[in-house]
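First comes the structure, then the notes that go with it.
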Amino acid sequence: MSENNEKKGFFSEMIFNNPVFGLYLGICSTLAITTSLNNAIGMGVAVIVVLVLSNIAVSLIAPLTPDEIHIPVYIVIIATLVTLVGMLMQAYTPELFSALGAFIDLIVVNCIILGRAEAYACKNGVAASARDGLMMGLSYTFSLLAMSLIRQLLGTGILSFSNPMSGNEIFSIRLIPQGFEIPVFKTQTGAFLTFAVLAAAVAAIKLNSEAKEKAKALEAAKAKKKEAAKA
Amino acid sequence: MNKQSTIYKVLLLGVLCAFCGLLLSGVNGLTAPIIEEAAIQKEKANLVLIYPDAEFKEVKDYDDPTGLITGIYTAEGLGTVYKIHNVGYNSNGFTFLLAFNNDGTVGGFQVLEHGETDGFGSRCFDEEYVSSVESLTTSDSAPLLSGATLTSTAIKQGYDAAKALFTAK
Amino acid sequence: MKLIYKPSPNYRSPQSTSGIMKDLTYCLIAVTIFSSLYYTMAFGSNLGLRVVLMMITSVASALATEAIWCKVTKQEVIKGVLTSYGWVTAMILTLMSSIKVSYYALAVSTVIALVFGKLVFGGFGQNIFNPAAFGEAILMNTFAGSNRTDILTSATPAAAMKSYGWMTTGDTFSTMMTSKGFGSLGQMFVGWYPSAIGSTSALLILLCLAYLVYRKDIDWQASVFYIGTVFVLSLVIGLLHGQGIWYPIFQVLAGGVLFGGVFMLTDPVTSPVTILGRIVFAVGAACFTLIFRLRSNMPDGVLYSILLMNMLTPAIDKMLEGSQIKDIAKLKKRAIIAIACMALVTIGVGAIAKTQSAASTGNPASVNEFAAAIPESTISWEGTDYE
Numbered sequence: 000m001s002e003n004n005e006k007k008g009f010f011s012e013m014i015f016n017n018p019v020f021g022l023y024l025g026i027c028s029t030l031a032i033t034t035s036l037n038n039a040i041g042m043g044v045a046v047i048v049v050l051v052l053s054n055i056a057v058s059l060i061a062p063l064t065p066d067e068i069h070i071p072v073y074i075v076i077i078a079t080l081v082t083l084v085g086m087l088m089q090a091y092t093p094e095l096f097s098a099l100g101a102f103i104d105l106i107v108v109n110c111i112i113l114g115r116a117e118a119y120a121c122k123n124g125v126a127a128s129a130r131d132g133l134m135m136g137l138s139y140t141f142s143l144l145a146m147s148l149i150r151q152l153l154g155t156g157i158l159s160f161s162n163p164m165s166g167n168e169i170f171s172i173r174l175i176p177q178g179f180e181i182p183v184f185k186t187q188t189g190a191f192l193t194f195a196v197l198a199a200a201v202a203a204i205k206l207n208s209e210a211k212e213k214a215k216a217l218e219a220a221k222a223k224k225k226e227a228a229k230a
Numbered sequence: 000m001n002k003q004s005t006i007y008k009v010l011l012l013g014v015l016c017a018f019c020g021l022l023l024s025g026v027n028g029l030t031a032p033i034i035e036e037a038a039i040q041k042e043k044a045n046l047v048l049i050y051p052d053a054e055f056k057e058v059k060d061y062d063d064p065t066g067l068i069t070g071i072y073t074a075e076g077l078g079t080v081y082k083i084h085n086v087g088y089n090s091n092g093f094t095f096l097l098a099f100n101n102d103g104t105v106g107g108f109q110v111l112e113h114g115e116t117d118g119f120g121s122r123c124f125d126e127e128y129v130s131s132v133e134s135l136t137t138s139d140s141a142p143l144l145s146g147a148t149l150t151s152t153a154i155k156q157g158y159d160a161a162k163a164l165f166t167a168k
Numbered sequence: 000m001k002l003i004y005k006p007s008p009n010y011r012s013p014q015s016t017s018g019i020m021k022d023l024t025y026c027l028i029a030v031t032i033f034s035s036l037y038y039t040m041a042f043g044s045n046l047g048l049r050v051v052l053m054m055i056t057s058v059a060s061a062l063a064t065e066a067i068w069c070k071v072t073k074q075e076v077i078k079g080v081l082t083s084y085g086w087v088t089a090m091i092l093t094l095m096s097s098i099k100v101s102y103y104a105l106a107v108s109t110v111i112a113l114v115f116g117k118l119v120f121g122g123f124g125q126n127i128f129n130p131a132a133f134g135e136a137i138l139m140n141t142f143a144g145s146n147r148t149d150i151l152t153s154a155t156p157a158a159a160m161k162s163y164g165w166m167t168t169g170d171t172f173s174t175m176m177t178s179k180g181f182g183s184l185g186q187m188f189v190g191w192y193p194s195a196i197g198s199t200s201a202l203l204i205l206l207c208l209a210y211l212v213y214r215k216d217i218d219w220q221a222s223v224f225y226i227g228t229v230f231v232l233s234l235v236i237g238l239l240h241g242q243g244i245w246y247p248i249f250q251v252l253a254g255g256v257l258f259g260g261v262f263m264l265t266d267p268v269t270s271p272v273t274i275l276g277r278i279v280f281a282v283g284a285a286c287f288t289l290i291f292r293l294r295s296n297m298p299d300g301v302l303y304s305i306l307l308m309n310m311l312t313p314a315i316d317k318m319l320e321g322s323q324i325k326d327i328a329k330l331k332k333r334a335i336i337a338i339a340c341m342a343l344v345t346i347g348v349g350a351i352a353k354t355q356s357a358a359s360t361g362n363p364a365s366v367n368e369f370a371a372a373i374p375e376s377t378i379s380w381e382g383t384d385y386e
């Protein structure tokens, strides 16, 4: 029973608390860069690193920070982390860096980071904040992967992944024959269309499970009433 | 110290910024040379077309009012190479390298990529016109080519922009 | 009392929705037949057949998409498909495309047009944008390169004119007409030239307009005001540059003005509810068409002007107080002000258009400087081939 809850916990966090399709945060970068699996994983890893480190830093500094200056303090921390990540990426993974372009710097204003800092990290301990950062980062990456999978597959017909540091291709499979791909998915139009479909799917899952929960609760209440009546 | 006092806030922000600054400069020192090296490597493939076996250094700060110069690289002891992008006939434009030797003569004129019309604008990249440009100096200007007016005008504009920067040094 | 608002056409009108759609389908079939005949006689039976096959591909994709959608949303399939009129969208989309579009591209665009242009909004009667226009925008923008076959390499009148920035002298115009094979304006009126599949024959489309108005399927105001405004405004703009009557006539005949004006602008779902609103809608679309033709990157401005006005339909309805007509004089004043503003802006844009006597690839300043000296620009011109 508890194992079920654990599994459900992870899955439900991915879907229900999904920052991109559930809370509609960080959409800008999602729409812009999800044209390939490489980009998705690269950006996802960058965001996870920044998110975990910033959550840790914020949860350490929060007790010391008076309320009035908490925003500049958090922003300085996040901006420093993003710049560090950016510099390291530019040096060691130059192709990924130029593919992600301006969106690396835009991680600073990615609502997810500041949002989690304000909503969670400043009120909880270091370990819990780190875990929260990791979960949020993972579900963000998961969303990016979902979008990229669809967009890259339909837009170019190929699924491919290369080593970000050396540029060597790790795998590349062509699933849709040449000439039958749908280029609209490589563009922003396709990004919006894919996002709409995925967001609708997540909303549908949520509604479905809520309806099921309600039905279950109703059943349970009925059963209780019956028992009470019997007794 | 009282957390609400202004001194505390100032101190906190100051210490935080100082710490972050140190961290950033440290990582920068580590990564900047790698980044610069990579940038030059990318260009080097093109630059050696003009000065083979030279050591190139990128010049970052330059004031080009025409906006045509997209990169300047100095070759130690030899000259300066200017990477120029201008629009001729094809609205996508074309990119070429123009080098001035340290003595003021043209060290090289090399087109990198262009979409100019075959047989018309492309004549600017043929042997005849190229050698006429390569025989110029900083006191001349690139000649116009009839039948390739737009393309050669674009080259002339780039030439003048590079000349201005070279003679201003 | 509960007021029920239904998008027109309502059942009080002499024609029912199915009747209107039937007449529309007949007209579209007529245009298809003409186009197929033209391509057979001008380029051989391969192309004539291709027109028919493209139509079949598109309609089949449309029906399949709607059937699947009905299945998935648990509706009765046959009834659902028949009342959703997807084939009308498919036919309009095919007629708007160039003959060079590949079957696959057409099929995919039809699916996207129906799913994202109509079905996700709630089906027939609920969409904001004209689904055929939406599909054509997707087709043009994303299938332009890879999925086009090289059947014909001639340019369309709109594209040819675009290379002159839609403003040129009478002489250059005559040269262009003969060299590109459009013949005379009379030939363009009949429609004997290559362009988008369905939008060539002005004669036939005007006949369709007459038929549809006679059968009370559409209100004549939208189409007439659209075509009329394009004509009048381009007449003014032409006169400002000293061009003759050929200019406004060409503006009306070239590109999708007639086709869009009769088949797409009149879509009751995506245009305002009142007659006055439809007039404002039509004038706005005409203004945008001219502005896009003169200044945008696209050869023809009809498609996006229709989409933009679709977007403004709720605003127009609000401005003219949609279904409750209270004070007609005030509403008329509002409409006239809106129309006057749009017309003035368009004339202003037209006034600053530069007359070009040499084709350019979008660099007006340098063309004016070197117009005389460049042989290359009139020889190796490659334009876009869709509208």
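Residue numbers (numbering that gives the first Met the number 0), protein chains in the order written: chain X, 0 to 230; chain F, 0 to 168; chain G, 0 to 386. The beta carbon of each residue, even a glycine, is placed where N, CA and C say it ideally should be. Bear in mind the structure is a predicted one, so any value in this text is a computation, not a measurement.
Sub-8 Å separation of residue i and residue j beta-carbons
i                : j                : result
Tyr102 (chain G) : Met53 (chain G)  : yes
Val196 (chain X) : Ile14 (chain X)  : no
Glu115 (chain F) : Thr94 (chain F)  : no
Leu264 (chain G) : Phe128 (chain G) : no
Val72 (chain X)  : Leu11 (chain F)  : yes
Gly132 (chain X) : Asn54 (chain X)  : yes
Phe258 (chain G) : Ser270 (chain G) : no
Gly124 (chain X) : Val51 (chain X)  : no
Leu92 (chain G)  : Ala112 (chain G) : yes
Phe33 (chain G)  : Leu203 (chain G) : yes
Glu57 (chain F)  : Tyr72 (chain F)  : yes
Leu164 (chain F) : Ile68 (chain F)  : yes
Ile154 (chain F) : Gly107 (chain F) : no
Arg150 (chain X) : Gly189 (chain X) : yes
Leu232 (chain G) : Ala284 (chain G) : no
Selection from the options that minimises the alpha carbon distance to residue i
i                : options                                : result
Arg49 (chain G)  : G:Trp68, G:Leu94, G:Val80, G:Thr16     : G:Leu94
Leu36 (chain X)  : X:Leu153, X:Asp104, X:Gly178           : X:Leu153
Asp22 (chain G)  : G:Ser108, G:Ile315, G:Val261, G:Leu319 : G:Val261
Leu135 (chain F) : F:Tyr7, F:Phe99, F:Lys8                : F:Phe99
Gly43 (chain X)  : X:Val183, X:Leu217, X:Thr140           : X:Thr140
Leu21 (chain F)  : X:Gly41, X:Ala145, X:Thr79             : X:Thr79
Ala63 (chain G)  : G:Val30, G:Trp245, G:Leu81             : G:Leu81
Ala29 (chain G)  : G:Ala201, G:Trp245, G:Val348, G:Tyr303 : G:Ala201
Phe191 (chain X) : X:Leu63, X:Pro18, X:Leu22, X:Thr29     : X:Thr29
Phe119 (chain F) : F:Gly87, F:Glu36, F:Val110             : F:Gly87
Ala342 (chain G) : G:Met176, G:Ser183, G:Ile290           : G:Ile290
Ser171 (chain X) : X:Ser165, X:Phe160, X:Arg150           : X:Phe160
Val74 (chain G)  : G:Gly122, G:Gly134, G:Val301           : Correcting the residue identity first, residue 74 (chain G) is Gln in this sequence and not Val. Nearest C-alpha to Gln74 (chain G): G:Gly122.
Ile315 (chain G) : G:Ala334, G:Ala328, G:Met297           : G:Ala334
Leu302 (chain G) : G:Pro130, G:Ser57, G:Tyr84, G:Ser60    : G:Pro130
Residue i - partner residues in DSSP beta bridges
i                : result
Thr73 (chain F)  : F:Lys56, F:Thr79
Ser159 (chain X) : X:Ser171
Gly107 (chain F) : F:Ala98
Ile111 (chain G) : Ile111 (chain G) pairs with nothing; no bridge assigned.
Heavy atom of the ligand NAD within 7 Å of residue i beta-carbon
i                : result
Phe249 (chain G) : Ligands are entirely absent from the displayed structure, and the ligand NAD is therefore not among its contents.
Please determine if the segment 12-32 of chain F and the segment 83-98 of chain X are in contact, where contact requires at least 3 C-beta pairs separated by less than 8 Å.
yes
Could you name the residues of the segment 151-170 of chain X whose beta carbon sits closer than 8 Å to any beta carbon of chain B, in the order they occur along the chain?
The structure shown contains no chain B; its protein chains are X, F and G.
Three or more C-beta pairs below 8 Å linking the segment 77-86 of chain F and the segment 129-136 of chain F:
no
Inside the segment 166-201 of chain G only - alpha helix (DSSP H) runs reaching at least 4 residues
169-178, 184-189
Would you be able to state if there are at least three C-beta pairs under 8 Å between the segment 108-124 of chain X and the segment 44-52 of chain X?
yes
Validate contact between the segment 159-169 of chain G and the segment 213-223 of chain G using beta carbons, cut 8 Å, 3 pairs
no
Sufficient close CB pairs (3 or more, under 8 Å) joining the segment 338-353 of chain G to the segment 235-249 of chain G
yes
Is it true that the segment 96-116 of chain G meets the segment 189-206 of chain G, where meeting means three or more beta-carbon pairs spaced less than 8 Å apart?
yes
Whole runs of the alpha helix (DSSP H) within the segment 214-279 of chain G, excluding any shorter than 4 residues:
219-239, 245-252
Can you find at least 3 beta carbon pairs, one from the segment 169-183 of chain X and one from the segment 132-143 of chain G, that sit closer than 8 Å?
yes
For a minimum of 4 consecutive residues, which ranges assigned as the alpha helix (DSSP H) are wholly contained in the segment 53-129 of chain X?
69-91, 93-99, 101-104, 110-118
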